[in-house]
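Heads up, the sequence shown is in this note's numbering, so the first residue is 4 and it goes up one at a time.
Every residue gets a Cβ at the ideal spot worked out from N, C-alpha and C, and that includes glycine.
Fair warning: this is a prediction, and the values are worked out from it, not measured in the lab.
Here is the structure we will look at.
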Amino acid sequence: QPHQVLLSHMAALTLARLSSRWTYGSALRGLSTLRIAGVPEHFNAPFHLAKSQGLYEAKGIDMQWDMTPQGTGAMGQKLDADEVDVAVMLSEGAVARIAQGSKTKV
């Protein structure tokens, strides 16, 4: 059940970032681009399954997965550098980054 809560929060974060993200290829197809970083773990399977079934595109979203095996620290750096829009990362890592001045939102 903790995974269900995480995925619910991810859905909310995902929707919050959609309106401002466009890439050239996506724009040609009329899609908003959403860049998500995550580690290669089983709990990220729903993101990949939804993409393989065309669920993102059906909602106008070009979901681009950024596999980041280095973990929370590397994903936090990608968020701060605006290389990704959302990261599936450890909450304590996100809170620690925010305490150090990151503009990351939980």
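- Between G76 and G96, the C-beta spacing is below 8 Å.
- Less than 8 Å separates the beta-carbon of M78 from that of A40.
- Here V98 is exposed: its Cβ has fewer than 16 other Cβ atoms, across all protein chains shown, within 10 Å.
- Cα atoms of L34 and G63: separation of roughly 5 Å, rounded to the nearest angstrom.
- Per DSSP, the beta-bridge partners of S35 are I64.
- Assigned with DSSP and collapsed to three states, G41 falls in strand.
- Beyond the five residues adjoining it in sequence on each side, A53 comes within less than 8 Å, by CB distance, of Y59, M66 in the same chain, given in chain order.
- DSSP places F50 inside the alpha helix (DSSP H), whose first and last residues are 48 to 55.
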